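Heads up: the sequence shown runs through residues 4 to 220, numbered per the working numbering. Even glycine gets a Cβ: it sits at the ideal position worked out from N, Cα and C. In this text, all values refer to a predicted model and were calculated from it rather than measured experimentally. Below: one structure, written as structure tokens.
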Amino acid sequence: MIIIKDKIKAFIFDLDGVITDTAKYHYLGWKRLAEEEGIDFSKEDNEELRGVSRRKSLEILLDGREVSEEEKEEMMERKNGYYQEFINEITEEDLLPGIKEIIMELRKRNFKLAVASSSRNAKPVIKNLGVGDIFDTISDGHSVNNAKPAPDIFLHTAEKLEVAPESCVVIEDAKAGIVAALRANMIAVGIGPDARVGKAHYRYDQVKDIELEEILG
């Protein structure tokens, strides 16, 4: 796509790995479930779950094991219960370095701001972080049927913001999220190693490294 920088109207942020690091809590939740089910699960295995839905994560964890739909639902609820125990302790101290300064600067410049996360717990996490009032809208795992890498959640968010997709910048740390942003015809900013987010239009190692002037021109 051709990036027209003066057409940028909105910034859409992923949650995990961009605003805060809840990935460690997801890992601990899945790890506990895996141990209870007799499944080997490492931090390396957890990387495969980055940015994908709860159901897809469970399917990856089960690795072909035959279980009923009822059992899957129970496992997802069990894992979510463990995760919620952890995120209830989240505070503003858990914001990633640099993120609040970025969103406050964008708000000062009158850009529309949103969160678009595959997590069904995005809203309580944002509230606990103390930044809920800064965002115009929050889309989560309840908002659309098709999770990333489908573009649905970003297109849904753009519609709620009343901004054209090509006028949106997406900040993501997951491969699935970058693919989703590109499929939505949005400007993609990747946080993390080139191997994971290298297809983004812009890439930075960490959130605090983001250069708004490079993106905005």
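Item                                                                                                                                                               : Value
Using 10 angstroms around the beta-carbon of PRO168, count the other beta-carbons present and answer buried if the total reaches 16, otherwise exposed.            : buried
Using 8 Å as the threshold, is the C-beta distance between ALA191 and VAL173 below it?                                                                             : yes
Should VAL70 go down as buried or exposed, given a rule of 16 or more other Cβ atoms within 10 Å for buried?                                                       : exposed
Which one of ILE218, SER120, ALA153 has the shortest CA to CA distance from ASP24?                                                                                 : SER120
Contact defined as beta carbons within less than 8 Å: I believe TRP125 pairs with PHE157. What is the distance between those atoms, to the nearest angstrom?       : The sequence given here has Ala at residue 125, not Trp. Between PHE157 and ALA125 the Cβ distance is about 14 Å, and since that is not below 8 Å, they are no contact.
Please list the terminal residues of the continuous beta strand (DSSP E) segment that includes GLU165.                                                             : First-last for GLU165: undefined, no H or E at that position.
Pairing CB atoms from the stretch 64 to 84 with CB atoms from the stretch 8 to 21, are three or more of them under 8 Å?                                            : no
Could you round the C-beta distance between ALA117 and ILE141 to whole angstroms and report it? I think they count as a contact, below 8 Å.                        : 7 Å
Any heavy atom of the ligand MG inside 7 Å of the beta-carbon of LYS27?                                                                                            : With respect to the ligand MG, the structure shown offers nothing to examine, as it has no ligands at all.
Return the first residue and the last residue of the alpha helix (DSSP H) that SER142 is part of.                                                                  : Where SER142 is concerned, there is no enclosing alpha helix (DSSP H), although the beta strand (DSSP E) it sits in stretches over 140 to 142.
Under a Cβ-count criterion, where at least 16 other Cβ atoms within 10 Å of its own Cβ denotes burial, should THR94 be classed as buried or exposed?               : exposed
Spell out a yes or no on whether the stretch 148 to 156 and the stretch 25 to 41 are touching, meaning 3 or more CB-CB pairs, one atom from each, closer than 8 Å. : no
Apart from the five residues just before and just after GLY133, which ones in its own chain have a Cβ nearer than 6 Å to its Cβ?                                   : GLU95
For LEU164 and LYS115, I'd like the C-alpha separation in whole angstroms.                                                                                         : 7 Å
Should MET107 go down as buried or exposed, given a rule of 16 or more other Cβ atoms within 10 Å for buried?                                                      : exposed
I need the straight-line Cα distance from GLY144 to GLY20, nearest angstrom please.                                                                                : 16 Å
Residue range of the beta strand (DSSP E) that VAL182 falls in?                                                                                                    : Note, VAL182: premise wrong, no beta strand (DSSP E); alpha helix (DSSP H) at 178 to 186.
What runs of the beta strand (DSSP E), each 3 residues or longer, lie entirely inside the stretch 13 to 79?                                                        : 13 to 16
Return helix, strand or coil for ASN147, following the three-state DSSP convention.                                                                                : Asn is not the amino acid found at residue 147; the sequence shown has Val there. Of the three classes helix, strand and coil, the one that applies to VAL147 here is coil, per DSSP.
When you compare the CB positions of GLY54 and GLY180, do they come within less than 8 Å of one another, or not?                                                   : yes
Cβ atoms of TYR85 and ARG123: under 8 Å apart, would you say?                                                                                                      : no
Can you tell me whether LYS202 is helix, strand or coil according to DSSP?                                                                                         : coil
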